[in-house]
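Participant: Numbering (full-length UniProt numbering), first residue to last: 1 to 30.
Ideal Cβ placement from N, Cα and C applies to all residues, glycine included.
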Amino acid sequence: MDVLWPDVTRATLWKAIEIYAERERRFGKA
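#1: Going straight from the alpha carbon of Ile17 to that of Glu24, what length do you get?
#2: Starting from Leu13 and walking both ways along the alpha helix (DSSP H), at which residues does that stretch end?
#3: From the DSSP output, in three-state form, read off Asp2 for me.
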């Protein structure tokens, strides 16, 4: 994600959290 910190909105933040959660779910079960 190439978003500068001042440009980060609530939606962008949630998107990042969703992506992170997906990654955690996928690799956390190993």
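Facilitator: Taking the definition as stated:
#1: Each residue's Cα considered, the two are about 10 Å apart.
#2: First-last of the alpha helix (DSSP H) with Leu13: 10-27.
#3: Note: Asp2 maps to coil in three-state DSSP.
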